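Structure first, commentary second.
Residue numbers (my numbering): -10 to 264.
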């Protein structure tokens, strides 16, 4: 209880200082969100960070975090779904205030956007069809033309290409299609950010198996526009406060340490990717 009271005090002081700062130093990014009574967040389907339920509503790790962030700001949360490859462009265009979609903080992306303090760290892993590995998995994975499904223009794709330079890569615009490609036989393996590979291996344990250890470990964060200094400051203070009081850790354990949440969704198993 004391930790939550301290966290709430930190957030209240942070918001007050940001709004009371001298106008010569301040931008209006935080004030704009508060005045509009809405925090607008760009998302792309990427379980378990962003999922869509049968009724069309969003759920997931980043949905829970941004809901809590909006609640602490005293505003509503508006989620705007866009294709994965459009997230950065649409943010910089001003279509939303920030990105929250399991978006990895990388030096390349940081040339254009500002990343918040990290909200978590994830491993990029491979899951493959048991049949494709045969009796000599190492040899199969190194063979030219081995087909690996990945999310287009993602850290998953970059890590896979570095680890398996002779492979043939099938790039898709969303994680559901990556998943469907391996299930439908279009790909022999997929490389994705955990826990997606583990989810696949669990759902299809007779067909799929995890391969090796992490190919890469990446920090996850919210992405914001570089000039939105006051909003960036508030978000960072919020992450610090909610990390200290255990809120972020609790949410992460729910979405990443088990798959109990899957019973909440009537999504079924993914269909094979369209040829």
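Glycine is no exception: its CB is placed at the ideal position from the N, C-alpha and C atoms.
Computed from a prediction, not measured in an experiment: that's the story for all the values here.
Using three-state DSSP, classify residue i as helix, strand or coil.
i	result
residue 245	helix
residue 141	coil
residue 215	coil
residue 240	helix
residue 46	coil
residue 22	helix
residue 90	coil
Applying the 10 Å Cβ sphere with the 16-neighbour rule, what's the burial state of residue i?
i	result
residue 25	exposed
residue 70	exposed
residue 249	exposed
residue 12	Residue confidence is low: residue 12 scores 46 on pLDDT, short of 50, so the model does not pin down where it sits. No coordinate-derived value is stated.
residue 228	buried
residue 186	buried
residue 255	Its pLDDT being 47, under 50, residue 255 is placed unreliably in this model, and the value from its coordinates should be taken loosely. Classification for residue 255: exposed.
residue 43	exposed
residue 195	exposed
What's the C-alpha gap between residue i and residue j?
i	j	result
residue 132	residue 98	32 angstroms
residue 239	residue 123	40 angstroms
residue 226	residue 166	36 angstroms
residue 48	residue 55	11 angstroms
residue 205	residue 152	10 angstroms
residue 100	residue 80	14 angstroms
residue 127	residue 183	22 angstroms
residue 181	residue 36	11 angstroms
residue 87	residue 66	11 angstroms
residue 245	residue 176	25 angstroms
residue 85	residue 31	6 angstroms
residue 155	residue 138	14 angstroms
residue 203	residue 113	5 angstroms
Tell me where the alpha helix (DSSP H) around residue i begins and ends.
i	result
residue 126	126 to 131
residue 168	164 to 172
residue 186	185 to 192
Any idea which residues DSSP pairs residue i with across the strands?
i	result
residue 67	29
residue 199	116
residue 35	39
residue 151	BP columns for residue 151 are empty, so no partner.
residue 207	111
residue 136	157
In terms of residue numbering, what span does the beta strand (DSSP E) encompassing residue i cover?
i	result
residue 116	109 to 118
residue 182	178 to 182
residue 157	157 to 161
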